[in-house]
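S.K.:
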Amino acid sequence: MAKKLTLHIEADLCDFDELSIVEQSLVLEAQQAVTQAYAPYSNFYVGAAVLLADDTVVKGSNQENAAYPSGLCAERVAIFSAGANHPRKEVKMVAIAARPKDAADYVMASSCGNCRQAMMEYESKQDKPIQLLFVCPSNEILKTTVGDLLPFGFDSKSLKG
0 MAKKLTLHIE ADLCDFDELS IVEQSLVLEA QQAVTQAYAP YSNFYVGAAV LLADDTVVKG
60 SNQENAAYPS GLCAERVAIF SAGANHPRKE VKMVAIAARP KDAADYVMAS SCGNCRQAMM
120 EYESKQDKPI QLLFVCPSNE ILKTTVGDLL PFGFDSKSLK G
């Protein structure tokens, strides 16, 4: 007989002013990264900022390509750059900001499945949650973790059977 499972996912919605100074700074870095996006096809600009354990910030922005599958999302640009350039440093937090071309306001843009999986790999590797900060309209921030964003994530433990 099938059993029904109920998932509990935690997220907090707060005003920018309620964030710590570190969180505010990371959000501002993600918003700045939006200006570096290359999005001539979708006209949707995304920036991400990764905070490492030693307070290093690594930024990324979406990079599109005329051959659509060849582009890369901001989250993966940032987290892969952090992994390549700072391979032994723990990822503490990732801030993500997005807005359509020429829009003044940011929109809530939850990470795609590929980005969730990429971030899950780093969370699993360090065996410690990674805090996520999503910029929302009206100067609000959605706070959650990679594990809550991808509750049935596939990680190295999955391979051990």
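Residue numbers (numbering that gives the first Met the number 0): 0 to 160.
For each residue, glycine too, the CB sits at the ideal point set by N, CA and C.
(1) Is Pro86 helix, strand or coil by DSSP?
(2) Along the chain, where does the beta strand (DSSP E) that runs through Val56 open and close?
(3) Please classify Ile95 as buried or exposed, where buried requires at least 16 other C-beta atoms within 10 Å of its C-beta.
(4) May I ask you to list the residues that DSSP assigns as paired with Pro99?
(5) Please state the DSSP three-state secondary structure of Glu78.
(6) Based on the DSSP secondary-structure assignment, which residues constitute the bridge partners of Leu4?
(7) At the level of alpha carbons, what is the spacing between Thr34 and Asn84?
(8) With a CB to CB cut of under 6 angstroms and the five nearest residues on each side skipped, what residues in its chain are close to Pro75?
(9) Per the contact definition of three or more C-beta pairs closer than 8 angstroms, is the region 101 to 112 in contact with the region 48 to 65?
(10) So who's on the other strand from Val134, going by DSSP bridges?
(11) I need the DSSP call for Lys91, collapsed to helix, strand or coil.
(12) Just the Cα atoms here: how many angstroms apart are Tyr105 and Ser41?
(13) Is the region 7 to 27 close to the region 138 to 154, with three or more CB pairs under 8 angstroms?
M.R.: Inspection of the coordinates gives the following:
(1) Reduced to three states, the DSSP call for Pro86 is coil.
(2) Note, Val56: beta strand (DSSP E), Val56 to Ser60.
(3) That one is buried.
(4) DSSP, once it has assigned bridges, lists Phe43 as partnering Pro99.
(5) Just to set this straight, residue 78 is Ile in the shown sequence, not Glu. DSSP places Ile78 in helix when its eight states are reduced to three.
(6) Paired residue(s): none; Leu4 is not in a bridge.
(7) Cα to Cα, Thr34 sits roughly 22 angstroms from Asn84.
(8) The amino acid occupying residue 75 in the given sequence is Arg; Pro does not appear at that position. Same-chain partners within the cutoff: Cys114 and Ala117.
(9) Put simply, the region 48 to 65 does not touch the region 101 to 112. Fewer than three CB pairs are less than 8 angstroms apart.
(10) In DSSP, Val134 forms a bridge with Ile140.
(11) Residue state, collapsed to three classes: strand.
(12) Note on geometry: alpha-carbon atoms of Tyr105 and Ser41 lie some 16 angstroms from one another.
(13) The region 7 to 27 vs the region 138 to 154: in contact.
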